[in-house]
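Student:
There are 2 protein chains.
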Amino acid sequence: MNPATIKDVAKAADVSVATVSRVLHNLTGYSDKTKQKVMQAVEELGYQPNAIARGLVNKRTQTIGVLFPHVSSSFSSDILHGIEEIAQEKGFSVIVCNTAEEGKRTMKYLQVLREKQVDGIVFTSEVLKDEYFQAIKEMRVPVILVNTMSQKHMIPYVKVDDHQAAYHATDYLIQKGHREIAMISGSPKDRIAGLPRLEGYRQALADNGIEYIESRVANGDFNLEGGTEAMKKLLAEAPPFTALFAASDEMAIGAMNVALERGIKIPDDLSIIGYDDLKFARMIYPPLTTIHQPLTMMGRMASEKLISLIEEDSTQVSSSIVSHHLVERQTVRSKP
Amino acid sequence: MNPATIKDVAKAADVSVATVSRVLHNLTGYSDKTKQKVMQAVEELGYQPNAIARGLVNKRTQTIGVLFPHVSSSFSSDILHGIEEIAQEKGFSVIVCNTAEEGKRTMKYLQVLREKQVDGIVFTSEVLKDEYFQAIKEMRVPVILVNTMSQKHMIPYVKVDDHQAAYHATDYLIQKGHREIAMISGSPKDRIAGLPRLEGYRQALADNGIEYIESRVANGDFNLEGGTEAMKKLLAEAPPFTALFAASDEMAIGAMNVALERGIKIPDDLSIIGYDDLKFARMIYPPLTTIHQPLTMMGRMASEKLISLIEEDSTQVSSSIVSHHLVERQTVRSKP
DNA sequence: CTCATTAAGTTAAACGTTTACTTTAATAAA
DNA sequence: TTTATTAAAGTAAACGTTTAACTTAATGAG
Chain A
35 MNPATIKDVA KAADVSVATV SRVLHNLTGY SDKTKQKVMQ AVEELGYQPN AIARGLVNKR
95 TQTIGVLFPH VSSSFSSDIL HGIEEIAQEK GFSVIVCNTA EEGKRTMKYL QVLREKQVDG
155 IVFTSEVLKD EYFQAIKEMR VPVILVNTMS QKHMIPYVKV DDHQAAYHAT DYLIQKGHRE
215 IAMISGSPKD RIAGLPRLEG YRQALADNGI EYIESRVANG DFNLEGGTEA MKKLLAEAPP
275 FTALFAASDE MAIGAMNVAL ERGIKIPDDL SIIGYDDLKF ARMIYPPLTT IHQPLTMMGR
335 MASEKLISLI EEDSTQVSSS IVSHHLVERQ TVRSKP
Chain B
35 MNPATIKDVA KAADVSVATV SRVLHNLTGY SDKTKQKVMQ AVEELGYQPN AIARGLVNKR
95 TQTIGVLFPH VSSSFSSDIL HGIEEIAQEK GFSVIVCNTA EEGKRTMKYL QVLREKQVDG
155 IVFTSEVLKD EYFQAIKEMR VPVILVNTMS QKHMIPYVKV DDHQAAYHAT DYLIQKGHRE
215 IAMISGSPKD RIAGLPRLEG YRQALADNGI EYIESRVANG DFNLEGGTEA MKKLLAEAPP
275 FTALFAASDE MAIGAMNVAL ERGIKIPDDL SIIGYDDLKF ARMIYPPLTT IHQPLTMMGR
335 MASEKLISLI EEDSTQVSSS IVSHHLVERQ TVRSKP
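One line per chain: the protein sequences are A and B, in this order. Under our numbering, think of the first position of the first sequence as 35, with each following residue one higher. Under our numbering, think of the first position of the second sequence as 35, with each following residue one higher.
1) Can you pull the DSSP bridge partners for residue 178(B)?
2) Between residue 90(B) and chain A, is the shortest Cβ-Cβ distance under 7 Å, so that the two count as touching?
3) Do we get a CB-CB distance below 7 Å when we pair residue 101(B) with the residues of chain A?
4) Tell me, please, whether the CB atom of residue 239(A) is closer than 7 Å to any CB atom in chain B?
5) Which residues, taken in chain order from the stretch 67 to 88 of chain A, show a beta carbon closer than 7 Å to some beta carbon of chain B?
6) What would DSSP say about residue 140(B), mapped onto helix, strand or coil?
7) Does residue 333(A) come out as helix, strand or coil in the three-state DSSP assignment?
8) For the beta strand (DSSP E) holding residue 128(B), just list the boundary residues, first then last.
9) Taking the beta strand (DSSP E) that residue 277(A) belongs to, which residues open and close that run?
10) Is the CB of residue 258(B) under 7 Å away from at least one CB in chain A?
11) Report the neighbours of residue 39(B) on chain A: residues whose CB is nearer than 7 Å to its CB, in chain order.
12) Taking only the alpha-carbon atoms, compute the straight-line gap between residue 317(A) and residue 146(A) and give it to the nearest angstrom.
13) For residue 250(A), return the contacting residues in chain B, with the cut-off set at a CB-CB distance below 7 Å.
14) Determine the extent of the alpha helix (DSSP H) in which residue 116(A) is found, giving its start and end residues.
15) Helix, strand or coil for residue 95(B), going by three-state DSSP, please let me know.
16) Just to make sure I have the definition right: I need the residues of chain A whose C-beta is within less than 8 Å of the C-beta of residue 135(B). Which are they?
17) Given a limit of 9 Å on CB to CB distance, which residues of the stretch 136 to 153 of chain A reach chain B?
18) On a Cα-Cα basis, can you pick out the residue from 173(B), 189(B) and 174(B) that is closest to residue 180(B)?
19) DSSP three-state call for residue 373(B): helix, strand or coil?
20) Which first and last residues belong to the beta strand (DSSP E) in which residue 191(B) is found?
21) Thinking just about the alpha-carbon of each residue, which of 51(A), 124(A) and 48(A) is nearest to the one in residue 339(A)?
22) Can you tell me which of 333(A), 242(A) and 187(A) puts its alpha carbon nearest to the alpha carbon of residue 164(A)?
23) Is the separation between the beta-carbon of residue 203(B) and that of residue 279(B) shorter than 7 Å?
24) Contact criterion: CB-CB distance below 7 Å. Does residue 291(B) meet it with respect to chain A?
25) Just how far apart, CA to CA, sit residue 101(A) and residue 132(A)?
26) Going by alpha carbons, who is nearest to residue 185(B) out of 359(B), 161(B) and 265(B)?
27) Is the distance from the Cβ of residue 192(B) to the Cβ of residue 358(B) below 7 Å?
28) For the stretch 306 to 327 of chain A, enumerate the residues whose C-beta is nearer than 9 Å to any C-beta of chain B, in chain order.
29) Give me the DSSP bridge partner(s) of residue 355(B).
30) From the beta carbon of residue 130(B), is the nearest beta carbon of chain A less than 7 Å away?
31) Quick check on the DSSP output: the alpha helix (DSSP H) that includes residue 39(B) runs from which residue to which?
32) Quick one: which chain A residues come within Cβ less than 9 Å of residue 282(B)?
33) Residue 170(B) to residue 120(A), Cα distance in whole Å?
34) Give the residues of chain A in contact with residue 294(B), contact being defined as C-beta atoms less than 8 Å apart.
35) Per the contact definition of three or more C-beta pairs closer than 8 Å, is the stretch 204 to 215 of chain A in contact with the stretch 235 to 242 of chain A?
36) Okay, do the stretch 251 to 270 of chain B and the stretch 212 to 220 of chain B touch, 3+ Cβ pairs below 8 Å being the bar?
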């Protein structure tokens, strides 16, 4: 026996499907008695509405798609967590899409999401290519960018101000008395997370009258291995430094590990500040001082914005720069 | 102008919708000439099929639902990664469902998944209550369990043998010459991940003629704080020990941190082995020796099994015990 | 030339809802 | 009593596909 449909309920309650539908939606146009009959039939048959059929007529699926470059990173999953939380609260489901490195599957996924008629899209941590923008535009659903942005197209985004956050981190080290400050950066070609952090660092130095020395910054590609390599390079080639700003926690940890191996004490011999505040930043020893990005909250905000765009069909775009904050743990200390 | 439908294509190509549908599905019953016309119309109109409408008639949505207790844990996201990877390869989308602690939202989500007509369900890391089982049974879709199992119901699962893995970890310490071995466990009430690991530990001791001392095991609830608390308790109350088996990496790290704070050198003074091999196990210093659970692969396997269950409608259940392995890093050393 | 076969195509029902429109009957107002 | 009003329902179209059943015309066999 197949699952009960609204027709079965109607038959069992001896009314029309329209009436059943009305009862189920709490509309008007039926007596208390009919309502009882209907409810009883629903109960007996274990009826559950079919959202697919509903979606077909409403042209609404109550589903959003979320695109990530790496689903499994701690980073993405924190954002996802926030998105999912709000979505479910508001009656939406979320389809996760792993676009893989370089957005290899982005176009493919965009098409799937279109065919599946999602009501909106969250696009995270990847640069929004023109091609993507066009595809999304054709779908005529709202998008919201998280942890990325587009200067070319007016699309609402949620992100922290990387430049400012990097400035903050660097300035913090300076306030602690450091003047020889190295940096492990992301790729300067990355205009979203790479360049701005590098520039924030430079600006902070400049504003404090500290000379920028190019050999004091090394690119670590945001990951652990990159961090250790960059640290080794810095130790070998850069003029001595008493503090280090790493543009990601992973790189910070890579750097800490080589320091540890070489007997460089943290924070006594070297102060380190990271960026991201991933879960493990507080797990390592000593716990990492870092820039906290409120990822879960950013996910929530994005979800909320997107859904209001969907429901109110409002056309106004509003982006949010969410504020980072610096969490002081134990890897930075004042220079005497 | 609304998105083009198959009717629009039919009109533009001057054929019936049935014909369009057939050429789109590469069936027979049309000439080359018509195919050209249709393809051209598709092109011009930018037609994309509507999966919702298709789902309604096919009774297939090409979508699976995945239930997790914590979406944001590194643990879950590795599994999700594997699931998503295979799913997309096979043309399925995945809806993520965060059931929250204690499965507070599990029933609610099961209902959503039913209404959305998912074709199958992956249920992870949570005990399958009777209530859940009934709900899923009523949906008449295949389920597969990951990282959990049910002795009561015959449902295929993918997991490692926790008892055996814990035995392995403990035995490894013993082979390294340790005989005073403490354990930080999960809750013994947890029959999936808690008890079996504890029993694996006990069994390994027994098989090697080592007495089990109750005060040498402390419950750390699988998380960091629990790990640090348990470690403190052990240090204070347990008879001295030279090695420690922690039933999760997080707890292992918690323990390592208190060791570090108290000047206990790892592995010189104390050997530690963890369980899970989360991403950060190799990031910390010294890198953690631990039991590797192939989470991504488990996700892949689950996805594959589920989809074959969906597609072949085969009714045979086959579970997989996947093999863990011990990854030797730098937190264990032989006792002289 | 007739009949069967086949290829190329069309028609229309079905999937499970929602909803605009219509009908029916009861009640109230005049 | 007649007419308007209202509440309680029913009817049927629509959403965008797929597909079984049917039609038409061309081809070939006998």
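Using N, Cα and C, we set each Cβ at its ideal position, and we do this for glycine too.
Tutor: To lay it out plainly:
1) Looking at the DSSP assignment, residue 178(B) forms a beta bridge with 156(B).
2) Chain A, which has a Cβ nearer than 7 Å to the Cβ of residue 90(B), makes this yes.
3) It does not: the Cβ of residue 101(B) has no partner Cβ on chain A nearer than 7 Å.
4) Not an interface residue.
5) Sequence-ordered contacts of the stretch 67 to 88 of chain A with chain B read 80, 82, 83, 84, 85, 86 and 87 [C-beta pairs closer than 7 Å].
6) Correct three-state label for residue 140(B): helix.
7) Residue 333(A) falls in the helix class under three-state DSSP.
8) Start and end: 127 to 132.
9) Note, residue 277(A): beta strand (DSSP E), 277 to 280.
10) Closer than 7 Å to some Cβ of chain A, the Cβ of residue 258(B) qualifies, so yes.
11) Within chain A, no residue comes near residue 39(B); the closest Cβ sits about 12 Å away, beyond 7 Å.
12) Using only the alpha carbons, I get a separation of about 39 Å.
13) Going along chain B, no residue has its Cβ under 7 Å from residue 250(A), so there is no contact; the nearest lies around 24 Å.
14) First-last of the alpha helix (DSSP H) with residue 116(A): 108 to 123.
15) Assigned with DSSP and collapsed to three states, residue 95(B) falls in coil, not helix or strand.
16) The contacting residues do not exist; residue 135(B) stays about 13 Å from chain A at best.
17) Those would be 139, 142, 143, 145, 146, 147, 148, 149, 150 and 151, in chain order.
18) Considering only alpha carbons, the answer is 189(B).
19) The requested residue 373(B) is not part of the displayed model; chain B covers only 35 to 370.
20) Here the beta strand (DSSP E) through residue 191(B) covers 191 to 194.
21) If we check each option's Cα against that of residue 339(A), 124(A) comes out closest.
22) Closest by alpha carbon: 187(A).
23) Cβ atoms of residue 203(B) and residue 279(B): closer than 7 Å.
24) True, the Cβ-Cβ gap to chain A drops below 7 Å.
25) Each residue's Cα considered, the two are about 6 Å apart.
26) Among 359(B), 161(B) and 265(B), the Cα nearest to that of residue 185(B) belongs to 161(B).
27) With respect to residue 358(B), residue 192(B) sits apart: the two C-beta atoms are not nearer than 7 Å.
28) Taking 9 Å as the Cβ-Cβ cut-off against chain B, the residues of the stretch 306 to 327 of chain A that qualify are 312, 313, 314, 316, 317, 318, 319, 320 and 321.
29) Per DSSP, 193(B).
30) Proximity of residue 130(B) to chain A, defined by a Cβ-Cβ separation below 7 Å, is satisfied.
31) Annotation: residue 39(B) is outside any alpha helix (DSSP H) and is labelled neither H nor E by DSSP.
32) Correct list: empty, because the minimum Cβ distance to chain A is about 12 Å.
33) Within the model, the alpha-carbon separation for residue 170(B) versus residue 120(A) is close to 25 Å.
34) By Cβ distance, chain A contributes 319.
35) Touching, per the Cβ criterion.
36) With a cut-off of 8 Å on Cβ pairs, the stretch 251 to 270 of chain B is in contact with the stretch 212 to 220 of chain B, counting three or more such pairs.
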